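Participant:
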Amino acid sequence: MKVLPFNAYIPNGDEAAKIATLPYDVMNRKEAAAMAAGNPISFLHVTRSEIDLDVEDVYSPQVYEKAKENWKKLAAEHLNKDAEPHFYVYSLVMNGRRQTGIVATPLVQDYNENRILKHEKTRREKEDDRTRHISTLRAQTGPVFLTYKDNAAIDAIVAETMKQKPLFDFVAEDGISHTGWRIENTSAMQNAFGNVDKLYIADGHHRAASASRTFAADNSGEADRFLAVIFPASQLRILAYNRVVFTLNGRDEAGFLVELGKVAPLSPVSNPVPAKPGDVCVYCGGKWYGMTLPDVDTDAIGKLDVSRLQSLVLQPLLGIDDPRTSKQIDFVGGIRGTAELEKRVNSGEAKVAFSMYPTTLDQLMTIADEGGIMPPKSTWFEPKLRDGLFVHEI
Numbered sequence: 037m038k039v040l041p042f043n044a045y046i047p048n049g050d051e052a053a054k055i056a057t058l059p060y061d062v063m064n065r066k067e068a069a070a071m072a073a074g075n076p077i078s079f080l081h082v083t084r085s086e087i088d089l090d091v092e093d094v095y096s097p098q099v100y101e102k103a104k105e106n107w108k109k110l111a112a113e114h115l116n117k118d119a120e121p122h123f124y125v126y127s128l129v130m131n132g133r134r135q136t137g138i139v140a141t142p143l144v145q146d147y148n149e150n151r152i153l154k155h156e157k158t159r160r161e162k163e164d165d166r167t168r169h170i171s172t173l174r175a176q177t178g179p180v181f182l183t184y185k186d187n188a189a190i191d192a193i194v195a196e197t198m199k200q201k202p203l204f205d206f207v208a209e210d211g212i213s214h215t216g217w218r219i220e221n222t223s224a225m226q227n228a229f230g231n232v233d234k235l236y237i238a239d240g241h242h243r244a245a246s247a248s249r250t251f252a253a254d255n256s257g258e259a260d261r262f263l264a265v266i267f268p269a270s271q272l273r274i275l276a277y278n279r280v281v282f283t284l285n286g287r288d289e290a291g292f293l294v295e296l297g298k299v300a301p302l303s304p305v306s307n308p309v310p311a312k313p314g315d316v317c318v319y320c321g322g323k324w325y326g327m328t329l330p331d332v333d334t335d336a337i338g339k340l341d342v343s344r345l346q347s348l349v350l351q352p353l354l355g356i357d358d359p360r361t362s363k364q365i366d367f368v369g370g371i372r373g374t375a376e377l378e379k380r381v382n383s384g385e386a387k388v389a390f391s392m393y394p395t396t397l398d399q400l401m402t403i404a405d406e407g408g409i410m411p412p413k414s415t416w417f418e419p420k421l422r423d424g425l426f427v428h429e430i
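Encoded structure:
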């Protein structure tokens, strides 16, 4: 891989905690406004600038112009741009578990030519949004989350770098700590990545696709690369991506459970978290049930729990033909726990919820290696990278 250093914009050390925000796409507009309330230097004023405007259309031209205005002001008053290009180390600790990655700019060409491997389809509307955001600001404000098979040379450089004084070090409101360092030995890190034969997108397919489209439209400056944080695979943690469905497809609860029991035997459970691959917990009628999905003789994609649930339950019993477009299904990240699933069903908003066993990183890499596309919402990575800690101006 050819992975390049860059001149990062980094928050003034004591302001990093107030600037850094969760990724733009893990909250709705109302939640973004609440998160940024009373904090004029929250990076959400850049990534979700509609919170500063009285507009119905969050994709209107003035939203992007407001983002540009907010970005210029924040960069001038609260961020420092490195005079020389560097790699950086970004470490996150959640519940005592640390994951540490390299902040860098891989090449768009490697993404276009599948040396940086994908596993998800993207939605055009979301691509359009981030492409306009990047091209208007001339900056990539949020990193793509990449992973690679562990490399001892990279590990050694990271370990040495983490002995230095950090650029920032804070604990966010959710209890996750964020620390960053500047890597001084640029050539050693670049050479180490030269021995990595491929990278995988863990999260951020829309950001990567938008960087590619920006480059295709205007290849000036540093639009030939994109902002990323690159983690060794052994450190990553995937949580379940659960499902809630808003219809029983004409059945009452008792009738649905009878039909579901024909797919696989149901039994009441006290712990609604599946214990092993193939297990699914189902919440319907105020009770949790456990079932084990029948194995299927198919490819790696078809063997995923989310694929089996779709082909055995969601499509034939609940009429969810395409989970990418259906309005009858929603997806709930595992970080919210099973209480969120109960809440959605008990409120009457949803009719049934499914608590899933997480997809594994080995499954993700196998499918990506084969050029396959995973079903939508197959993986939920935690902890989430914060926007605003490293920005790449193109």
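One rule links them: number in our numbering = place in the sequence shown (from 1) + 36. We put the CB at the ideal spot given by N, CA and C, even for glycine. No experiment lies behind these values; they were computed from the predicted model shown.
Are L302 and Y325 closer than 8 Å when you measure CB to CB?
Facilitator: The residue given as residue 302 occupies position 266 in the sequence shown. The residue given as residue 325 occupies position 289 in the sequence shown. In this structure, Y325 lies closer than 8 Å to L302 by Cβ.
Participant: Please specify which runs of the beta strand (DSSP E), each continuous and at least 3 residues long, are wholly inside the stretch 112–147, giving them in chain order.
Facilitator: 115–117, 123–130 and 133–142
Participant: Here's a check: name, in chain order, each residue in its chain whose Cβ is nearer than 7 Å to the Cβ of I193, leaving out the five neighbours to either side.
Facilitator: Numbered from its first residue, the sequence shown carries residue 193 at position 157. Cβ neighbours of I193 beyond the five flanking positions: I219, N221, A224, M225 and A228.
Participant: List the endpoints of the continuous alpha helix (DSSP H) containing H169.
Facilitator: Here the question's residue 169 lines up with position 133 in the sequence shown. Segment R160 to L173, the alpha helix (DSSP H) holding H169.
Participant: With C-beta atoms as the reference, is Y277 less than 8 Å away from T415?
Facilitator: On the sequence shown, position 241 is the one that residue 277 refers to. On the sequence shown, position 379 is the one that residue 415 refers to. Contact: yes.
Participant: Going by CA-CA distance only, name the one from T374, P179 and K199 that's closest to A245.
Facilitator: Position 209 of the sequence shown, counted from the first residue, corresponds to residue 245. Cα-wise, what sits closest to A245 is P179.
Participant: Could you tell me which of A175, D366 and Q346 sits nearest to K108, measuring between CA atoms?
Facilitator: Residue mapping note: residue 108 aligns to position 72 of the sequence shown, counting from 1. The residue with the shortest Cα to Cα distance from K108 is A175.
Participant: Would you mind working out which of N285, G240, D254 and Q351 sits nearest V265, comparing C-alpha positions?
Facilitator: Start at 1 with the first residue of the sequence shown, and residue 265 comes out as number 229. Comparing Cα-Cα distances from V265 to each of N285, G240, D254 and Q351, the minimum goes to G240.
Participant: Please state the DSSP three-state secondary structure of A238.
Facilitator: Mapped onto the sequence shown, residue 238 falls at position 202. The answer is strand: DSSP assigns A238 an E or B state.
Participant: Could you tell me the distance, in whole angstroms, from the CA atom of A238 to the CA atom of S127?
Facilitator: Taking the sequence shown and counting its residues from 1, the one referred to as residue 238 is at position 202. Taking the sequence shown and counting its residues from 1, the one referred to as residue 127 is at position 91. Within the model, the alpha-carbon separation for A238 versus S127 is close to 16 Å.
Participant: Considering Cα atoms alone, identify which of P330, A44, K117 and S213 is closest to L421.
Facilitator: If you number the sequence shown from 1, residue 421 lands on position 385. When each option's Cα is compared against that of L421, the closest is S213.
Participant: So, under 8 Å CB-CB, D205 and T215 are touching, yes? Tell me the CB distance rounded to an integer number of Å.
Facilitator: Translated into the one-based positions of the sequence shown, residue 205 becomes position 169. Translated into the one-based positions of the sequence shown, residue 215 becomes position 179. Right, the Cβ-Cβ distance comes to about 4 Å (below 8 Å), so this counts as a contact.
Participant: Using 8 Å as the cut-off, can you tell me whether the stretch 40–54 makes contact with the stretch 64–71, which would need three or more C-beta pairs spanning the two stretches below that distance?
Facilitator: These segments do not touch.
Participant: What span of residues does the alpha helix (DSSP H) with S391 cover, start to end?
Facilitator: Along the sequence shown, one-based indexing puts residue 391 at 355. For S391, there is no enclosing alpha helix (DSSP H); the enclosing beta strand (DSSP E) covers residues V388 to S391.
Participant: Helix, strand or coil for T396 per DSSP?
Facilitator: As a working mapping, residue 396 is identified with position 360 in the sequence shown. T396 falls in the coil class under three-state DSSP.
Participant: On the three-state DSSP scale, how would you describe D331?
Facilitator: Residue 331 sits at position 295 when you count from the first residue of the sequence shown. Three-state result, D331: coil.
Participant: Let me check understanding here. Comparing Cα to Cα, which of K234, P330 and D341 lies closest to E406?
Facilitator: As a position in the sequence shown, residue 406 is number 370, starting the count at 1. It is K234 whose Cα lies nearest to the Cα of E406.
Participant: Within 10 angstroms of its Cβ, does K157 collect 16 or more other Cβ (buried), or is it exposed?
Facilitator: The residue labelled residue 157 in the question sits at position 121 within the sequence shown. By the neighbour-count rule (16 or more Cβ atoms within 10 Å), K157 is not buried but exposed.
Participant: Within this structure, are the beta carbons of F367 and R279 separated by less than 8 Å?
Facilitator: Your numbering for residue 367 matches position 331 in the sequence shown. Your numbering for residue 279 matches position 243 in the sequence shown. Yes. Within cutoff.
Participant: Counting only runs of 3+ residues fully inside the stretch 183–213, write out the beta strand (DSSP E) ranges in chain order.
Facilitator: 204–207
Participant: What residues in its chain sit with their C-beta under 8 Å from that of L345, if we drop five residues either side in the sequence?
Facilitator: To locate residue 345, count along the sequence shown from 1; it is residue 309. Here the set comprises R279, V316, L329, F390 and M392.
Participant: Looking only at its own chain, which residues have a Cβ that is under 8 Å from the Cβ of E258, when we skip the five neighbours before and after it?
Facilitator: On the sequence shown, position 222 is the one that residue 258 refers to. Spatial neighbours of E258 in its own chain (CB-CB distance under 8 Å, excluding positions within 5 residues in sequence) are listed in chain order as F42, T141, H428, E429 and I430.
Participant: Can you tell me whether Q399 is buried or exposed, with buried defined as 16 or more other CB within 10 angstroms of its CB?
Facilitator: Taking the first residue of the sequence shown as position 1, residue 399 is located at position 363. Classification for Q399: buried.
Participant: Give me the DSSP bridge partner(s) of E429.
Facilitator: Translated into positions along the sequence shown, residue 429 becomes position 393. E429 pairs with A175.
Participant: What would DSSP say about T215, mapped onto helix, strand or coil?
Facilitator: Against the sequence shown, residue 215 aligns to sequence position 179. Strand.
Participant: Using the C-alpha atoms, what's the distance from I46 back to A112?
Facilitator: Taking the first residue of the sequence shown as 1, we reach residue 112 at position 76. Taking the first residue of the sequence shown as 1, we reach residue 46 at position 10. Going by the C-alpha atoms only, they are around 11 Å apart.
Participant: Between the stretch 280–288 and the stretch 353–363, do at least 3 Cβ pairs fall closer than 8 Å?
Facilitator: yes
Participant: Can you tell me whether DSSP reads F229 as helix, strand or coil?
Facilitator: For the purposes of this step, residue 229 is taken as residue 193 along the sequence shown, with counting starting at 1. Residue state, collapsed to three classes: helix.
Participant: Going by DSSP in three states, L302 sits in which element: helix, strand or coil?
Facilitator: By one-based count along the sequence shown, residue 302 stands at place 266. Three-state DSSP puts L302 in coil, outside helix and strand.
Participant: Can you give me the C-alpha to C-alpha distance between N150 and G408, rounded to a whole angstrom?
Facilitator: Position 114 of the sequence shown, counted from the first residue, corresponds to residue 150. Position 372 of the sequence shown, counted from the first residue, corresponds to residue 408. Taking the straight line from one Cα to the other gives about 12 Å.
Participant: Among residues of its own chain, excluding the 5 on either side of A103, which ones have a beta-carbon nearer than 7 Å to its beta-carbon?
Facilitator: Counting from one through the sequence shown, the residue named residue 103 turns up at place 67. Closer than 7 Å at Cβ, skipping near neighbours: V82, S85, H169, T172 and L173.
Participant: Spatial neighbours of D260 within its chain, please: C-beta separation below 8 Å, excluding the five flanking residues on both sides.
Facilitator: Sequence index remark: in the sequence shown, residue 260 carries index 224 (1-based). So the list reads L143, V144, Q145 and F251, once near-sequence residues are dropped.
Participant: If you draw a straight line from the alpha carbon of A188 to that of N75, how long is it in whole angstroms?
Facilitator: Here the question's residue 188 lines up with position 152 in the sequence shown. Here the question's residue 75 lines up with position 39 in the sequence shown. Cα-Cα distance, rounded: 41 Å.
Participant: How long is the line joining the alpha carbons of L115 and N48, rounded to whole angstroms?
Facilitator: Locating residue 115 in the sequence shown gives position 79, where the first residue counts as 1. Locating residue 48 in the sequence shown gives position 12, where the first residue counts as 1. A direct Cα-to-Cα measurement between L115 and N48 gives close to 6 Å.
Participant: Relative to the alpha-carbon of E289, which residue among A300, G321 and V207 has its alpha-carbon at the smallest distance?
Facilitator: Start at 1 with the first residue of the sequence shown, and residue 289 comes out as number 253. When only C-alpha atoms are compared, the closest one is G321.
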